[in-house]
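Step one of this worksheet: look at the structure below.
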Amino acid sequence: MFSLFSSYPTFMIFLAVVLSMVFTMVLMPAWIRFLRTSHIGQQVRADGPQSHLVKQGTPTMGGVIMLVAVIAFTLLASVGAPTVELWLLLGATVATGVLGLIDDASKVAHERSLGLTPKAKLIGQFLIAGVFVICAVNLLDVAPTVEIPFVCTIDLGVLTTVVPVGEGIEIPWLYLVYCLILLVGLCNAVNLTDGLDGLASGTVMVVMLVMAAIAFRTGQLEPALFAGALAGACIGFLWFNSFPADIFMGDTGSLALGMALGCLAVVTKVEFIVIIIGGLFVAEALSVMIQVFYYKKTKKRIFLMAPLHHHFEKKGWSETKVVVRFWIVSGMLAACGFVLQFASSLAVA
């Protein structure tokens, strides 16, 4: 199908967004009905904002349909010309989504807000991230370097070990460690951001559109299509996830989206800039880390509640005000990251 439009890459990316959005919007109502009749609903944190208690029982695992939409698009895009790049991106995203699905299912089965243990989730995330990075270096020839715009390009492949399997597998350890921290960090940062109706889906949508633009700018059509498909799935999901939400994406969606963002950063070589592009997610994660560290040291809190979006709720902002303002901040940060990346590539040229 997509081979017909191979001469029109911008149209293909637009089509990726639209098709993924349509898939999500068409399939989601039936999924919501199934979840409701099966009594599969969200378990709300007992220590969270009291206003969120009314969300108890709202259908969750909406990320399943988002992943189905992205898988369906990938199959269409790969007909006649499957690419390793596209399948690696999809594989890491779906594998993390399955991990999140197990976590969501555990929460529903035990009727509690905590599913898998943090240790189990981290082990799964590190394994998926590690396999992806090693495959990216060896199969996609991704250079083990990290570019800091206008400053330098750091070669993290200096300490490289070749494991004697077949022709050999290159494992640049420093680069691998950096990417593991980046991918797992983004994975959990997006998960922490998914705490208000429409917050994660809206912010990820903005970020994925920027990632699609960066990939297109560097001539990487497959990552651009994949990012566009993820953005489209977020748009379609947002129709049902806007306040008051009819369904939540659950860890199935949030963990998968975070891993997808990290993987896209690796293949498009924006492993540093993505920290700015996804700056809102980084801020959400840092707010939790700072809160926990400071409380353990002083038994006092810096934020009224962590993650950061709950802090502003406690300050009296309505849920929709927090969400819309965070969308704006996310858009500004993503735009700044894109400008930095674009300007640095012009300077090099």
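Sequential numbering of the sequence shown, starting at 1, is according to UniProt numbering. A virtual CB, placed ideally from N, CA and C, is assigned to each residue, including glycine.
Identify whether residue i lies in helix, strand or coil by the three-state DSSP scheme.
i	result
residue 331	helix
residue 9	helix
residue 145	strand
residue 343	helix
residue 251	helix
residue 164	Because residue 164 sits at a pLDDT of 49, beneath the cut-off of 50, its placement in the model cannot be relied upon, and the point is left open.
residue 153	strand
residue 223	helix
residue 319	helix
residue 284	helix
residue 57	coil
residue 198	coil
residue 14	helix
residue 236	helix
residue 172	strand
residue 278	coil
residue 41	strand
Less than 7 Å separating the beta-carbons of residue i and residue j?
i	j	result
residue 248	residue 62	yes
residue 132	residue 180	no
residue 103	residue 122	no
residue 188	residue 169	no
residue 259	residue 92	yes
residue 262	residue 238	no
residue 266	residue 129	no
residue 253	residue 17	no
residue 20	residue 95	no
residue 58	residue 236	no
Going along the chain, which residues of its own chain have a beta-carbon closer than 6 Å to the beta-carbon of residue i, five neighbours each way excluded?
i	result
residue 15	none
residue 9	221
residue 331	206
residue 240	28, 246, 247
With a threshold of 8 Å on Cβ separation, who are the neighbours of residue i within its own chain once the five nearest residues in sequence on each side are excluded?
i	result
residue 210	277, 334, 335, 337, 338
residue 308	283, 284, 287
Which residue from the options puts its Cα closest to that of residue i?
i	options	result
residue 281	186, 116, 69	186
residue 100	198, 124, 90	124
residue 173	157, 184, 293, 183	157
residue 83	257, 225, 67	225
Does any residue of chain C have a CB that is nearer than 7 Å to the CB of residue i?
i	result
residue 149	Considering every chain present, this structure includes no chain C. It has just one protein chain.
Ignore the nearest five residues each way along the sequence and tell me which others in residue i's own chain have a CB closer than 7 Å to its CB.
i	result
residue 33	none
residue 346	none
Ranges of the alpha helix (DSSP H) found wholly within the stretch 64 to 137, counting only runs of at least 4
If we require 4 residues or more, the alpha helix (DSSP H) runs fully inside the stretch 64 to 137 come out as 84 to 110.
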